[in-house]
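First residue of the sequence shown? That's 4 in the numbering used here, and the numbers climb one at a time after it. All C-beta atoms, glycine included, are put in the ideal place defined by N, C-alpha and C. For reference, the structure is listed below as structure tokens.
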Amino acid sequence: MLRTLEAERARGRELFASAGSLEELEAANIAVLGRKSPLGEVQRALGALEEGQRRELGRAVNEARTELADAFEARRDALSVDVESALLAADAVDMTLPGRRRPDGSLHPLTVVEDEIVGLFLRLGYRVAEGPEIEDDWHNFQALNIPEDHPARTMKDSLYVSIPGHPELLLRTETSAVQIRTMLSQPPPVYIVAPGRVYRRETPDPTHLAVFHQVEALVVDEGITFADLKGTLEAMAKGLFGEDRRIRFTPSYFPFVEPGAQIGVTCFRCGGVGCPTCRSGWIELLGAGMVHPKVLENCGYDSERYTGFAFGLGIERVAILKYEIPDIRLLIEGDVRFLERFRAA
Ligand code: FA5
């Protein structure tokens with residue numbers, strides 16, 4: 004039996020040393036130290052021996068077991084380190100590789116144009132005013148000299164909001180309602196610009212959207228005349244489009260101004276001859292005029308002492324003129340290929 008024991012010791016050492024993985028090592032452990040292994044059998048046979056022999060052989064079996072168990076553990080530790088190293092190697096990050104560069108984002112052309120227009124007026128000493136996008140009938144119509152039965156109400160198709168208990172709410176059709184809110188909140192003089200979103204029931208085409216943005220301007224002070232309006236608009240058009248683009252004033256009607264005018268800019272595509280984008284050679288940019296005395300009075304201003312001018316321009320219209328965009332709808336489609344053009348803008 005001692006010979007078997009020696010042979011098992013040698014076999015066990017060999018098997019453990021040659022195990023190439025933790026799975027192979029576990030199988031070797033069962034074969035060498037398991038209950039059904041030759042060593043196990045020797046151990047079971049001990050009971051049948053007489054005491055002196057049993058003690059001697061028992062000690063030898065224990066020694067063999069201890070040595071083999073140590074060999075098993077030493078190999079298991081070595082293999083575990085290998086496994087961990089392999090996992091780490093698979094997970095390794097090469098710190099010397101160049102990083103993946105994400106393309107820089109950019110401002111939407113409408114934001115760029117709005118910032119430019121507002122910036123122009125801030126430099127002239129105006130301040131920015133704001134109003135809600137959901138308006139009531141009084142601010143959107145009545146205070147702007149558009150009473151209930153006034154035909155001007157049908158000039159723009161309004162979108163009404165159905166909120167129980169608030170029958171007169173609508174999505175504002177123009178930023179002019181901010182004129183009213185501003186005058187009600189402060190005494191003259193007033194020098195404000197009010198950028199914001201407006202809503203109309205329109206079918207979009209190359210120069211029209213149903214939801215678009217306007218910048219409203221309002222000036223009320225002593226001695227303001229139409230010449231101030233004209234000079235301000237000419238300065239603005241030159242600032243936005245450069246010295247070469249021609250602008251024109253044509254008489255127009257808005258109930259909240261008297262006299263009223265529309266300002267057009269020569270079309271970037273045809274230069275003013277007429278094409279599918281502009282139809283007439285001109286692209287209408289804004290409506291303007293001298294604030295109607297009734298509007299001043301509706302807000303508690305003394306219309307004998309104060310006069311003022313106002314205008315409202317479409318930001319999308321400025322963008323299509325400035326960047327020569329053939330269709331205004333491109334501005335709201337979010338197509339990255341189109342927006343990438345403005346990365347450097
Ligand atoms: C108005 O909205 C007036 N509130 C402007 C005004 C303000 C007049 C103060 C007098 C005093 P109008 O509906 O014309 O006017 O619109 C003003 C500008 O918004 C237009 O000149 C145009 O640049 C732009 N605009 C109008 N409709 C659309 C549309 N459907 N899509 C894109 N831009 C539009």
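- Between Ile166 and Gln182, the alpha-carbon positions lie close to 25 Å from each other.
- In the three-state reduction of the DSSP assignment, Phe257 falls in the coil class.
- As the crow flies, the alpha-carbon of Asp305 is around 10 Å from that of Pro190.
- Taking Thr210 as the centre and dropping the five residues before and after it, the same chain places the C-beta of Ile331 closer than 6 Å to its C-beta, in chain order.
- When the Cα atoms are used, Val196 and Leu333 turn out to be separated by approximately 26 Å.
- Remark: the shortest separation between the CB of Arg175 and any heavy atom of the ligand FA5 does not fall under 7 Å.
- The three-state reading of DSSP puts His295 in coil, since its state is none of H, G, I, E or B.
- Thr206 and Thr280 have their alpha carbons spaced roughly 15 Å apart.
- Boundaries of the beta strand (DSSP E) around Leu172: 172 to 174.
- In the DSSP assignment, Val35 forms no beta bridge with any residue.
- In this structure Gln56 is exposed. Its beta-carbon is surrounded by fewer than 16 other beta-carbon atoms within 10 angstroms.
- By the Cβ criterion, the stretch 229 to 242 is in contact with the stretch 289 to 300, since at least three pairs of Cβ atoms, one from each stretch, lie closer than 8 Å.
- Of the other Cβ atoms in all chains shown, fewer than 16 fall within 10 Å of the Cβ of Pro329; this residue is therefore exposed.
- Just measuring C-alpha positions, the residue of Glu225, Cys278, Ala31 sitting nearest Glu76 is Ala31.
- The three-state secondary structure of Pro262, taken from DSSP, is strand.
- Counting every other CB atom within 10 Å of its CB across the protein chains shown gives Ala81 a total below 16, marking it as exposed.
- Linking Gly267 to Arg103 through their CA atoms gives a straight-line distance of about 47 Å.
- Beyond the five residues adjoining it in sequence on each side, Asp160 comes within less than 8 Å, by CB distance, of Arg203, Arg204, Glu205 in the same chain, given in chain order.
- Inclusion of Val214 and Gly311 in the CB contact set at 8 Å is not warranted, their separation being larger than that value.
- Every unbroken stretch of the alpha helix (DSSP H) spanning 4 or more residues and falling wholly within the stretch 197 to 250 is given here in chain order: 229 to 244.
- Taking C-beta atoms as the reference points, Ala67 and Arg12 count as a pair closer than 8 Å.
- Note that the C-beta distance between Tyr309 and Glu225 is below 8 Å.
- About 13 Å separates the beta carbons of Pro296 and Leu147, which is beyond the 8 Å limit, so they are not a contact pair.
- Residue nearest to Ile227 within the set Leu212, Tyr194, Arg200, Tyr256 is Tyr194 (criterion: CA-CA distance).
- The residue from Asp85, Arg156, Asp139 with its alpha-carbon nearest to that of Leu25 is Asp85.
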